[in-house]
Structure formats: C-alpha cells, structure tokens
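Trainee:
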Amino acid sequence: LAPLFLLQLDADPLRAAGYAGVCLAAANLGLFLALRLLMPRVGRRGARLAGMCLVLAAAVVPLASHLALFILISFVIGGATGLLFTLNLSEIMTRKDYAQLQVTGWNAAIQIAALAGGVASGSALMALSPVAPFVMVALCGAALAVAPPLSIKDLK
-1 LAPLFLLQLD ADPLRAAGYA GVCLAAANLG LFLALRLLMP RVGRRGARLA GMCLVLAAAV
59 VPLASHLALF ILISFVIGGA TGLLFTLNLS EIMTRKDYAQ LQVTGWNAAI QIAALAGGVA
119 SGSALMALSP VAPFVMVALC GAALAVAPPL SIKDLK
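So in our numbering, spot 83 of the sequence shown is number 81, and the numbers just go up one at a time.
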C-alpha cells in the first residue's frame, strides 16, 4: 500500500509507511470481526457475498483519494479474505473423504503458501502499477464469488 499512498495521497515515504500500518490494522480488525460475528452465520450465499466484497473493494482502489477510504477498503478486504479462507478450510474439514487431520493440515499449509504466493505476485505486479495488485485481488474475488466451495450449506 505504501507505494500507492505515495502516488494517490501524495504522501512522503514515512507517512505512506505509517498509513500502510494503519490499513494493516484495519484489515486485521475486519478479519477478527468477520470470523467472530459472521462466520457462524455464513453459508454459500455469504461466501459469494464475501467474494463480491473483494471485487468491489479492489475496484474502488484506483478511485480512492482519502486515507479513510483506504482504511475501509482494507477492513473489507481483510474480513472477506479471512472469511473465505476459513470457509474453505472448514469445508475441507467436514468432507467425509478428507476429514483426516493430515489432509486438513496440508490444506491449511497450501492456503498459507497461496497467501505468500499472492503477496509475491502482487509485489511483482507493482512494477506495472501500484494499482495492479488490486486488480489481482478483484479477479480472485470474482472467481470466489462465482464458485464458492460446493459443500457449504446455506444457513437461512
């Protein structure tokens, strides 16, 4: 986020790094609240909504010109991402054919590796534009909105 703040908020490097820290805190708060308040109530429809929230939040990034909007975007992306990771892992854990601990552990490790791969890809894309990593977030969100895990049941 710091390079984006340099560009879009006209911030100096120290201030941009501070803003990025505030946004990281907002993302963590979004993750915590989503898992604490939404996770027990979310089904397949909620997973689709979380994917769409990723798309919309990432789509707003190129238009954002105030720190408050970046904080809100970070909050939404953190919450939606945490929710989707948790739904995916819980879906694997409840499958009868995948319910062994070893398979669940491997899936969790792959999710963390995918997260690291996403960070690396986003960093590489930043050479194109500071907004480019958010295009990747939007595409991932769209894919998750279209095809959430199949065994998540709707909780009406």
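Cβ coordinates follow ideal geometry from the N, Cα and C atoms, glycine included.
Whether or not the region 5 to 21 and the region 67 to 77 are in contact is what I'm after, with contact meaning three or more pairs of Cβ atoms, one per stretch, closer than 8 Å; do they touch?
Mentor: Result yes; three or more Cβ-Cβ pairs closer than 8 Å.
Trainee: Would you mind stating whether V59 and V129 have Cβ atoms separated by less than 7 Å?
Mentor: Within the sequence shown, the letter at position 61 stands for residue 59. Within the sequence shown, the letter at position 131 stands for residue 129. Yes; because the gap between Cβ atoms is below 7 Å, this pair is in contact.
Trainee: With the cut-off set at 7 Å, would you say G76 and G116 are in Cβ contact?
Mentor: The residue labelled residue 76 in the question sits at position 78 within the sequence shown. The residue labelled residue 116 in the question sits at position 118 within the sequence shown. In this structure, G116 does not lie closer than 7 Å to G76 by Cβ.
Trainee: Could you say which of V40, L(-1), L61, A141 lies nearest to L22 if we only look at CA atoms?
Mentor: Translated into positions along the sequence shown, residue 22 becomes position 24. Ranking the options by Cα distance to L22, first place goes to L(-1).
Trainee: Does D152 come out as helix, strand or coil in the three-state DSSP assignment?
Mentor: Start at 1 with the first residue of the sequence shown, and residue 152 comes out as number 154. Unreliable positioning characterises D152 in this predicted model, as indicated by a pLDDT of 45, which lies under 50. A coordinate reading is not provided.
Trainee: For A15, report the span of its alpha helix (DSSP H) as first-last.
Mentor: Here residue 15 refers to the residue found at position 17 of the sequence shown. From DSSP, the alpha helix (DSSP H) with A15 extends over 11 to 31.
Trainee: Is the region 39 to 59 touching the region 109 to 125 in the sense that three or more CB pairs, one from each, lie closer than 8 Å?
Mentor: Verdict: no, contact absent.
Trainee: In whole angstroms, what is the alpha-carbon distance linking A136 and R13?
Mentor: Translated into the one-based positions of the sequence shown, residue 136 becomes position 138. Translated into the one-based positions of the sequence shown, residue 13 becomes position 15. Straight-line Cα distance between these residues: approximately 26 Å.
Trainee: For the putative contact between A78 and A48, defined by C-beta atoms under 8 Å, what is the C-beta separation to the nearest angstrom?
Mentor: As a working note, residue 78 is residue 80 in the sequence shown. As a working note, residue 48 is residue 50 in the sequence shown. With a Cβ gap of about 4 Å, A78 and A48 count as contacting.
Trainee: Assuming L142 and M134 form a contact by the criterion Cβ under 8 Å, report the distance between their Cβ atoms to the nearest whole angstrom.
Mentor: Here residue 142 refers to the residue found at position 144 when the sequence shown is read from its first residue. Here residue 134 refers to the residue found at position 136 when the sequence shown is read from its first residue. Actually they do not touch by this definition, with Cβ atoms about 13 Å apart.
Trainee: If we count the other Cβ atoms within 10 Å of its Cβ and call it buried at 16 or more, is I108 buried or exposed?
Mentor: Working through the sequence shown from its first residue, we reach residue 108 at position 110. Burial call: exposed.
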